[in-house]
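Chemist:
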Amino acid sequence: MDSISKTNRLRWNDLARANVEYSCPFLDFTVEDAGRYVYHHGVLKDVAGMQVLCLASGGGQDSVAFGLLGAEVTVFDLSDVQLERDRQAALHHGLQTETIQGDMRDLSVFSADRFDIVWQMYSINFIPSVQPIIAEVQRVLKPGGVYFLQFANPFSIAIDEEKWDGKAYPLNSLYIDGEDLSGRFPGWDVKQPDGSTVKCLSPHEYRHNLGTVINCMVGNGFIILGLWEREEKEEQPLPGTREHFTKVIPPWFSTFWRLKK
Numbered sequence: 025m026d027s028i029s030k031t032n033r034l035r036w037n038d039l040a041r042a043n044v045e046y047s048c049p050f051l052d053f054t055v056e057d058a059g060r061y062v063y064h065h066g067v068l069k070d071v072a073g074m075q076v077l078c079l080a081s082g083g084g085q086d087s088v089a090f091g092l093l094g095a096e097v098t099v100f101d102l103s104d105v106q107l108e109r110d111r112q113a114a115l116h117h118g119l120q121t122e123t124i125q126g127d128m129r130d131l132s133v134f135s136a137d138r139f140d141i142v143w144q145m146y147s148i149n150f151i152p153s154v155q156p157i158i159a160e161v162q163r164v165l166k167p168g169g170v171y172f173l174q175f176a177n178p179f180s181i182a183i184d185e186e187k188w189d190g191k192a193y194p195l196n197s198l199y200i201d202g203e204d205l206s207g208r209f210p211g212w213d214v215k216q217p218d219g220s221t222v223k224c225l226s227p228h229e230y231r232h233n234l235g236t237v238i239n240c241m242v243g244n245g246f247i248i249l250g251l252w253e254r255e256e257k258e259e260q261p262l263p264g265t266r267e268h269f270t271k272v273i274p275p276w277f278s279t280f281w282r283l284k285k
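Residue numbers for the sequence shown follow this note's numbering, so the first one is 25 and each next one is one higher.
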């Protein structure tokens, strides 16, 4: 585990203790909820009995959804607290979930061709290069297997959503692949149930240019099945708010890929 991973482990532990939204387990989820969560893109149909790797996707959310649908779930995550949330959720729902701590760039704990599905919510932007992780996914995924990958829109990730000037959110930085943004965005404000916020230091978070991600996926034998932009549902959000910012520019892409047989 290098210095980047050590820092991100500590900072994600702090974020999870502050109950950032990605660390709040789905304790009230039903099978119907799980179906809507996993199947709503129309790519996956029936995951019962499949070997699923929730990659850098701890927090007791994705593991619950797949577990309730009958999949055999393994969660691999850097954060101790995130993995504890998965164990908490598994106990709550009576699920059998394997949890393993590690750096997503090194999946050597798994044999080749182990998984039918690799499911990776927003996490690949916390490593400086996408190549190691995509190559590792290619190795552990069965030929013909499906890889769900969510990643930041590289045009939005470096814009400060709090800098609304009355007309626009200024795009004022160079489009640099692999740029560590934690220096320009040093803290996360995590909202609490009482309306207050807890300030946490930012983990290392990197911009990955769109061509870099797509070309790396193709170069590792993946065929794209679909791409979806995050869409804000509120029709007329107030300018300067998070809802307005995400209505102006989608903050991330959700993609499905199939590994060539």
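Note that CB positions come from ideal geometry on N, CA and C, so glycine has one too.
Between F139 and L165, is the Cβ-Cβ spacing less than 8 angstroms?
Modeler: Yes, they are a contact pair.
Chemist: Excluding the 5 residues preceding and the 5 following E186 in the sequence, name in chain order all residues of the same chain whose CB lies nearer than 8 angstroms to its CB.
Modeler: Same-chain partners within the cutoff: G264.
Chemist: If you compare alpha carbons, which of P178, R129, V170 and W143 is closest to E160?
Modeler: It is R129.
Chemist: On the criterion of 16 or more Cβ atoms from any shown chain inside 10 Å, does G84 qualify as buried, or is it exposed?
Modeler: G84 comes out buried.
Chemist: By alpha-carbon positions, which one of I181, E258 and W188 ends up nearest to L198?
Modeler: Of the candidates I181, E258 and W188, the one whose C-alpha sits nearest the C-alpha of L198 is I181.
Chemist: If you compare alpha carbons, which of L225, F179 and F269 is closest to G190?
Modeler: It is F269 whose Cα lies nearest to the Cα of G190.
Chemist: What's the C-alpha gap between T98 and H116?
Modeler: Approximately 17 angstroms, taken between the alpha carbons.
Chemist: According to DSSP, which residues form a beta bridge with K223?
Modeler: K223 is bridged to D213.
Chemist: If N149 and F175 are in contact, beta carbons under 8 angstroms, what's the gap, nearest whole angstrom?
Modeler: Yes, they are in contact, since the Cβ atoms of N149 and F175 sit about 6 angstroms apart, within 8 angstroms.
Chemist: Under three-state DSSP, which class holds S87?
Modeler: Three-state result, S87: helix.
Chemist: With H, G and I counted as helix, E and B as strand and the rest as coil, what does DSSP make of Q144?
Modeler: Three-state result, Q144: strand.
Chemist: Taking just the CA atoms, how far does V272 sit from G235?
Modeler: One C-alpha to the other measures close to 22 angstroms.
Chemist: Label M145 either buried or exposed according to how many other C-beta atoms from any shown protein chain fall within 10 Å of its C-beta, with 16 as the threshold for buried.
Modeler: That one is buried.
Chemist: Check for me: the beta strand (DSSP E) holding A176 runs from which residue to which?
Modeler: Looking at the DSSP string, the run of the beta strand (DSSP E) that includes A176 is L165 to A176.
Chemist: Using the three-state DSSP reduction, which class does L262 fall into: helix, strand or coil?
Modeler: Correct three-state label for L262: coil.
Chemist: In chain order, what residues of the same chain lie with their CB nearer than 7 angstroms to the CB of G211, ignoring the 5 residues before and after it?
Modeler: Here the set comprises K223, C224, L225 and S226.
Chemist: Which whole-angstrom value is the C-beta distance of A58 and S103, which I expect to be below 8 angstroms?
Modeler: With a Cβ gap of about 23 angstroms, A58 and S103 do not count as contacting.
Chemist: How about V154 and H65: are their beta carbons less than 8 angstroms apart?
Modeler: Going by C-beta atoms, V154 is not nearer than 8 angstroms to H65.
Chemist: For G23, does the count of other Cβ atoms within 10 angstroms reach 16, so buried, or fall short, so exposed?
Modeler: Residue 23 cannot be examined here, being either before or after the span of the chain that is shown, 25 to 285.
Chemist: For W281, which option in V88, P156, I157 and G169 has the closest C-alpha, if you only look at C-alpha atoms?
Modeler: Comparing Cα positions, the closest option is G169.
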